[in-house]
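Numbering of the sequence shown is given in this note's numbering, commencing with residue 195 and proceeding in unit increments.
The C-beta atom is built at its ideal place from N, Cα and C for all residues, glycine as well.
Please read the structure below before turning to the comments.
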Amino acid sequence: MELEKLLAADPDIMRILSTVRDLGLSDSWLAAGTLRNFI
């Protein structure tokens, strides 16, 4: 998937996703604006 590759190549997005993962929350949300602004 092209979008997945683009996101994986962006250090800012990956830092956000890694932080969310590392928090170990049972539920979390990434605001749609983050993806909209990226694209």
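The three-state secondary structure of I207, taken from DSSP, is helix.
The distance from the Cβ of L224 to that of I233 is about 14 Å, inconsistent with a contact at the 8 Å cut-off. Per DSSP, A225 lies in no alpha helix (DSSP H) segment and is marked neither H nor E.
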